[in-house]
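Peer 1: full-length UniProt numbering applies: residue 1 is where the sequence shown begins, and numbers increase by one.
Backbone N, C-alpha and C define an ideal beta-carbon position, used for all residues, glycine too.
The structure follows.
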Amino acid sequence: MTATKLPAACETKDDVRAEIDRIDRALVELFAERHAYVTRMAEIKTDPHEANDPVRIDAVIAKRRAQALELDLDEDQAELIWRTLIDWNINYEKGIIIARNRKK
């Protein structure tokens, strides 16, 4: 993802908004790609309790916090975003697994 304008080159609110919109479009594409893998994981798992893996969650959060720190982003903000995403994914996976198991 290459910036059309670097932040310092943005001279107006419209310039900044255009870049934020570009980034938001890219984020949605990445979330959609990630979601496809979450869906596949739910297809592979057999028990709804597998959706919540505290050891894996802690490892993911630690990696994202470290990455945020390297990028001068607030680690707490990054953690909040990832915990929200993970919580949503856990519920999504559980729903798929439970629905599939009911059909058996």
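Got a sec? Which residues, its chain only, sit under 6 Å from N52 by beta carbon, not counting five neighbours each side?
Peer 2: Excluding residues within five positions, the ones whose Cβ falls inside 6 Å are I90.
Peer 1: Leaving aside the five residues before and after W82 along the sequence, list all residues of the same chain whose C-beta is less than 7 Å from its C-beta, in chain order.
Peer 2: V60, I61, R64
Peer 1: Using the rule of at least 16 other Cβ atoms within 10 Å of the residue's Cβ for burial, across every protein chain shown, is I98 buried or exposed?
Peer 2: exposed
Peer 1: Less than 6 Å between C-beta atoms, sequence neighbours within five positions excluded: which residues of the same chain meet that for I96?
Peer 2: A42
Peer 1: Can you name the start and end residues of the alpha helix (DSSP H) that D58 belongs to?
Peer 2: 54 to 70
Peer 1: In angstroms, rounded to a whole number, what distance separates the CA positions of T46 and V55?
Peer 2: 19 Å
Peer 1: Does DSSP put D14 in a helix, a strand or coil?
Peer 2: Here D14 sits in helix by DSSP.
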